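**Q** Have a look at this one.
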Amino acid sequence: MIYGALEDLPRYRGFCRSLDVLIDWLAENDPASLDVGSHAILGDKVFANVMAPTTRPEEGAHYETHRRYHDLQIDVEGRESFKVSQGETTLVEPFNEADDFELVDAVNGIAGDLDKGRFAIFVANEPHMPTLEFPGDGAAPVKKICFKLIADEFFDE
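In the working numbering, the protein residues as written are 1 to 157.
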């Protein structure tokens with residue numbers, strides 16, 4: 001996981017080719033202006049999934065993983081917490097190749113939040129649990145963007 005202030009994202013130029021594309025796009029575009037839905041930035045290599053969910057309690061939630069994509073997540077309205085697992089996981093829902101998605105459970109995790117212009121990059125194969133209730137807020141609406149960034153090993157496909 002990479003976690004920080006969105007204004008500092010250019011420090012991570014060179015992490016992967018798709019992140020470099022997104023950094024350039026963000027320099028010229030306001031992500032908060034995107035409507036709910038999917039928006040191509042560079043075809044299926046870099047795109048934005050804009051969602052308007054309600055945050056959820058951690059109880060009953062599972063970690064998700066992706067094999068082809070890194071997720072860079074930001075909140076443009078509201079705020080949320082997230083967790084990243086540490087250690088071993090237990091399969092809950094098998095990998096769905098079409099959706100690049102698998103669900104797992106884990107005993108240990110570390111928490112963070114998306115508030116005040118923060119971002120989190122959950123790297124491919126890193127179990128993460130987004131859209132959790134922010135401490136003290138309870139269930140609350142949030143407008144968030146999950147930028148999908150194809151991993152370098154798949155960039156030229």
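Ideal Cβ positions, reconstructed from N, Cα and C, are used throughout, including at glycine. All values reported here derive from a predicted model rather than from experimental measurement.
Along the beta strand (DSSP E) that carries Arg17, what are the first and last residues, could you check?
**A** Unbroken run through Arg17 is the alpha helix (DSSP H), Arg17 to Glu28; no beta strand (DSSP E).
**Q** Around the Cβ of Glu133, are there at least 16 other Cβ atoms within 10 angstroms (buried) or fewer (exposed)?
**A** Classification of Glu133: buried, given that the 10 Å Cβ count is 16 or more.
**Q** Can you name, in chain order, every residue of its own chain whose Cβ lies under 8 angstroms from the Cβ of Tyr3, other than the five neighbours on each side?
**A** Within the same chain, Tyr3 has close Cβ partners Gly112, Arg118, Phe119, Ala120 and Ile121.
**Q** Assuming the contact rule is C-beta atoms closer than 8 angstroms, Arg143 and Phe47 should be a hit. Round their C-beta distance to whole Å, please.
**A** The sequence as given places Lys at residue 143; Arg does not occur at that position. Not confirmed; about 17 angstroms, so no contact.
**Q** Check the C-beta distance from Val50 over to His39 and give it rounded, since I have them as a contact under 8 angstroms.
**A** At roughly 7 angstroms, the Cβ-Cβ gap stays under 8 angstroms, so Val50 and His39 are in contact.
**Q** Quick check: what's the CA-CA separation for Cys146 versus Val123?
**A** In a straight line, the C-alpha of Cys146 is about 12 angstroms away from that of Val123.
**Q** Per DSSP, which one or two residues make a beta bridge with Thr54?
**A** Its beta-bridge partners are Pro141.
**Q** Using a Cβ-Cβ cutoff of less than 6 angstroms, which residues in the same chain neighbour Glu77 once the five nearest sequence positions on both sides are dropped?
**A** Hits under 6 angstroms: Lys143.
**Q** List, from N- to C-terminal side, the beta strand (DSSP E) runs of 3 residues or more that fit wholly inside the segment 76-145.
**A** Runs found: 80-96, 101-114, 118-122 and 128-132.
**Q** Taking C-beta to C-beta, are Ile23 and Leu34 nearer than 8 angstroms?
**A** No.
**Q** Mind checking whether Val92 and Ile110 have CB atoms under 8 angstroms apart?
**A** The answer is no: Cβ separation not under 8 angstroms.
**Q** By Cβ distance, which residues of its chain are closer than 8 angstroms to Arg13, with the 5 residues on each side in sequence left out?
**A** Leu19, Asp20 and Ile23.
**Q** In the DSSP output, what is Phe147 paired with across the bridge?
**A** Phe147 pairs with Ala48 and Leu72.
**Q** I'd like the span of the beta strand (DSSP E) that includes Leu42, first residue to last.
**A** Its beta strand (DSSP E) spans residues Gly37 to Leu42.
**Q** Give a single yes or no on whether Pro53 has its beta carbon closer than 7 angstroms to a heavy atom of the ligand NAD.
**A** Because no ligand of any kind appears in the structure shown, any question about the ligand NAD cannot be addressed here.
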